[in-house]
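Enquirer: Those protein sequence lines, which keep their order, are chains A and B. Note that the first sequence covers residues -16 to 381 in our numbering. Note that the second sequence covers residues 107 to 341 in our numbering. Just so it is clear, CB atoms sit at the ideal spot from N, CA and C, and this is done for glycine as well. All values reported here derive from a predicted model rather than from experimental measurement.
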Amino acid sequence: MIEPLLPIKTDTLYTLSKICWESSNWKQALDVVCSEIRPYFIFDNLAVFLYNESHSDLEVAYARATGRGKTKEADVAWGESVIQEAIEKNQMILSEPIEDKSDRLQRPHILALPLLVKKAGLGVVTIIRFGTPAFTKDHIKFAEFMASQISSMILRQERESMINQLQEHIQTLQIQDDFISTLSHELKNPIGFIKGYTTTLLRQDTSWSESDQNEFLQIIDQETDRLKDLIDNLLDSSHLQSGNTTLNMQLLRIDALLKDVISHARVHHPNIQINLDIRQELPTLQGDPRRLKQVFDNLVSNADKYALGKPLLFRVYKESHGITVDVKDSGPGIPTKDLDKVFERFYRSEAQSQDTRGSGLGLFICKKIIEAHQGQINATSIPGKGTTIHVFLPFNDI
Amino acid sequence: MTKGTKILVVDDEKLYRHLLEINLGTEGYEVITATNGEECLDLVSKKHPDLVILDVMMPKLDGFSTLERIRQFSEVPVIMLTGKNEERDRVKGLDAGADDYVAKPFSATELIARVRSVLRRSQSTETSKAIRFFEHGDLKIDLARAEIWREESPIYLSATEYKLLIQFAHNVGKVLAAEELLSAIWGPQYRQDKEILWVSIARLRQKIEKDPHNPIHIVTRSGLGYLMPPNDSSN
């Protein structure tokens, strides 16, 4: 014999709706609700059906069998027979058993309630009792109350996840937007200098000394180079991004390549002292010498930008599957939260000094080149002490 | 006219400062430079330049905000210098009180011509005066830095409260109607929203008045509006 159900009081409703509005997971909330309501409202089976993404069909999203003979009942009925009717009529449907069969399982009382938010259908919840007791008026009202709670929970969570998606999307757009604004600034500055100093030289109302003229021409020359580098980097990064770059692979000696990079740096970055630390005999490996040089040139130029005047160390060692080159500077370091991001296209650290010029493309290009060699590149840093870029190049033929 | 004319050049890029310095130098102008908005405000109040050439795209305090602060205390002519040549930005600059606008990249001769023209206009009206500090009884405002003190201790105001106070400071002795204040600070669509003004005035008085119930800085004129009384009668 089933114990008589207690009447549902305001307190109960309050407790249940509190569970619902405080939850960030409607299925978990429903689990709690299902056990909380037992003294007032019982059911054997409960199922929530929601529309799929195209809103063309209903899919079961949640189902619980709590009845006396769970497995048997679970096999029998989830209210499929009345779901369609509830949807079509857009109202609660109560289906009572007609024949007085002796088998309890043949006598389901089914409540199907549409889940609605402002008249838009989200789905249906069905509540089934096999045999007794029949749904009373109060029980039906309570079921409607729960259906509205479930609807608003689902809606809220859908909105939350939509907001999260939008926020991610906005962030992506923001990064691109920042890039475009940085880039246009970086492109316009050299153009502005070239225009400004050229028109200065062209002024007819004044004459400049030879040393002034020389200075202006040097500025124009430097800024032209900068513009060219920037455009090269930009094209390069877009080629690498789309995977349209072919490597010119050949056998090379990494130590010879690094020595080349260092002598090149002595000319182009005279302020930076570079030490090379190679402790063992290094085997040759397959690689594109021009591209690998580009990587290390880029790392030197970064160190020159961010670790002004501080020495730079190249430490090279052999590992079982390849060669690692650590490029260690003693600059201000990179904040831990930015470490993973520095290799992303367009990324520039917020902490970066305002005076440093960069397009946010250098490390992205490095990463793409190393990855094309099946290698790895990552960064470690101690703020205030310096940054190390680890480059790993494998032996295997590509 | 160029002898003794002082021009302040504000740009975060060294090569632009140099470019302007050499070109304006040949014209006989005295050129001083600043690399950011804060420095610019300091030099405007200390060196009283006859013209400011102000870059828009600067880190921290950008050109528009710098100009807004300059206009709190000085009528010095300002030419905005910027990479953006969009109408929206030109309007924004002119609205903020810029006298002219030169888009980067520019030619040296064009810039010199603009400088000459703005200076010619300003010298005929002769308006450049710089009063940086405003005092009213125990209250002192540094208009360049947007800082306020009462009896030497700093007072922290919200942006709206500050704007409200500045309206009074610029109109000492004049009754300002609620609609006028609402429209100036919140915008014309708020003209009728008197309650937000009441609340803001009450909050402002809490902060600036020694006795908010007997205000001396912002006085109510029933049915008319509010007034900051002339200095001699405050107290």
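Quick one: measure Cβ to Cβ for T183/A and A214/B, integer angstroms, because I've assumed they're closer than 8 Å.
Expert: Within the first sequence, the letter at position 200 stands for residue 183/A. Within the second sequence, the letter at position 108 stands for residue 214/B. Contact holds; Cβ gap of about 4 Å.
Enquirer: Counting only the same chain and skipping the five closest in sequence on each side, list residues whose C-beta sits under 8 Å from that of T371/A.
Expert: Indexing the first sequence from 1 puts residue 371/A at position 388. The answer, listed in chain order, is D309, V310, K311, D312, A362, T363 and S364.
Enquirer: State yes or no: is the beta carbon of I214/A nearer than 8 Å to at least one beta carbon in chain B?
Expert: Looking up residue 214/A in the first sequence gives position 231. Taking Cβ atoms only, chain B never reaches closer than 8 Å to I214/A, which makes this a no.
Enquirer: Quick one: list the residues of chain B neighbouring R186/A, beta-carbon separation under 7 Å, in chain order.
Expert: Residue numbering aside, residue 186/A sits at position 203 when the first sequence is read from its first letter. By Cβ distance, chain B contributes A214 and T215.
Enquirer: Need the endpoints of the alpha helix (DSSP H) that D243/A sits in, please.
Expert: Your numbering for residue 243/A matches position 260 in the first sequence. D243/A -> alpha helix (DSSP H) spans I237 to H251.
Enquirer: Could you tell me the boundaries of the alpha helix (DSSP H) in which Y122/B lies?
Expert: Locating residue 122/B in the second sequence gives position 16, counting from the first residue. Where Y122/B is concerned, the enclosing alpha helix (DSSP H) stretches over K120 to T132.
Enquirer: Under 8 Å between C-beta atoms, does M163/B make it to chain A?
Expert: Taking the second sequence and counting its residues from 1, the one referred to as residue 163/B is at position 57. Judged by the 8 Å Cβ criterion, M163/B is in contact with chain A.
Enquirer: Taking C-alpha atoms, which residue in T188/B, E257/B and L287/B lies nearest to K269/B?
Expert: Translated into positions along the second sequence, residue 269/B becomes position 163. Selected option, being the one with the closest Cα: L287/B.
Enquirer: Please report the straight-line C-alpha distance between L149/A and G203/B, rounded to a whole angstrom.
Expert: The residue given as residue 149/A occupies position 166 in the first sequence. The residue given as residue 203/B occupies position 97 in the second sequence. About 38 Å.
Enquirer: With contact counted as at least three CB pairs below 8 Å, one residue from each stretch, are the stretch 149 to 163 of chain A and the stretch 59 to 70 of chain A in contact?
Expert: At 8 Å Cβ cutoff, the stretches do not touch.
Enquirer: Among the residues of its own chain, which have a CB less than 7 Å from the CB of K210/B, if the five just before and after it don't count?
Expert: Reading the second sequence from its first residue, position 104 is the one you call residue 210/B. Same-chain partners within the cutoff: L187, T188 and G189.
Enquirer: Taking only beta-carbon atoms, is K396/A less than 8 Å away from chain B?
Expert: Beyond the ends of chain A as shown, which are -16 and 381, falls residue 396/A; an answer cannot be given.
Enquirer: Would you say F118/A and L77/A are within 8 Å of each other, going by their C-beta atoms?
Expert: Here residue 118/A corresponds to residue number 135 of the first sequence, with the count starting at 1. Here residue 77/A corresponds to residue number 94 of the first sequence, with the count starting at 1. Yes, these two residues count as a Cβ contact at 8 Å.
Enquirer: In chain B, which residues lie less than 8 Å from I133/A when you measure between Cβ atoms?
Expert: Position 150 of the first sequence, counted from the first residue, corresponds to residue 133/A. Those within 8 Å of I133/A in chain B number zero; the least Cβ separation is about 41 Å.
Enquirer: From the DSSP output, in three-state form, read off A95/A for me.
Expert: Here residue 95/A corresponds to residue number 112 of the first sequence, with the count starting at 1. In the structure shown, A95/A sits in a strand (DSSP, three-state: E or B).
Enquirer: Alpha carbon to alpha carbon, what distance is there between N142/B and M346/B?
Expert: With chain B represented from 107 up to 341, any question about residue 346/B goes unanswered, as that position is not in the structure.
Enquirer: Exposed or buried, what is A290/A when buried is set at 16 or more other beta-carbons lying within 10 Å of its beta-carbon?
Expert: Locating residue 290/A in the first sequence gives position 307, counting from the first residue. Its Cβ being crowded by 16 or more others within 10 Å, A290/A is buried.
Enquirer: Taking the alpha carbon of A130/A as the point to measure from, which residue in L(-1)/A, I360/A and G316/A has its own alpha carbon closest?
Expert: Against the first sequence, residue 130/A aligns to sequence position 147. Considering only alpha carbons, the answer is L(-1)/A.
Enquirer: What in chain B is Cβ-close to K174/A, meaning under 7 Å?
Expert: Counted from its first residue, the first sequence places residue 174/A at position 191. Note that residue 174/A is Ile in the sequence shown here, rather than Lys. Ordered by position in chain B, the residues that pass the 7 Å Cβ test against I174/A are P211.
Enquirer: Which complete beta strand (DSSP E) runs does the stretch 175 to 200 of chain B hold, if anything under 3 residues is left out?
Expert: Entirely contained in the stretch 175 to 200 of chain B, the beta strand (DSSP E) runs reaching 3 residues are, in chain order, 184 to 188.
Enquirer: I'd like the list of long-range same chain contacts for G270/A, defined as Cβ closer than 7 Å, with 5 residues on each side in sequence excluded.
Expert: Counting from one through the first sequence, the residue named residue 270/A turns up at place 287. These residues qualify, in order along the chain: M232, L235, H356 and L376.
Enquirer: What is the rounded straight-line gap between the Cα of W304/B and the Cα of K316/B?
Expert: In the second sequence, counting from the first residue as 1, residue 304/B sits at position 198. In the second sequence, counting from the first residue as 1, residue 316/B sits at position 210. So the two alpha carbons sit approximately 19 Å from each other.
Enquirer: Do we get a CB-CB distance below 8 Å when we pair R209/A with the residues of chain B?
Expert: Reading the first sequence from its first residue, position 226 is the one you call residue 209/A. For R209/A, the answer is no, since every Cβ of chain B falls outside 8 Å of its Cβ.
Enquirer: Starting from S289/B, trace the alpha helix (DSSP H) in both directions and tell me its first and last residue.
Expert: Here residue 289/B refers to the residue found at position 183 of the second sequence. Here the alpha helix (DSSP H) through S289/B covers A284 to I291.
Enquirer: Tell me which same chain residues have a C-beta within less than 7 Å of the C-beta of I110/A, skipping the five on either side of it?
Expert: What you label residue 110/A is simply residue 127 of the first sequence in a count that begins at 1. F26, L29, L94 and A126.
Enquirer: With a cut-off of 8 Å, does the C-beta of I202/A fall near any C-beta of chain B?
Expert: Sequence index remark: in the first sequence, residue 202/A carries index 219 (1-based). Chain B contact via Cβ: present.
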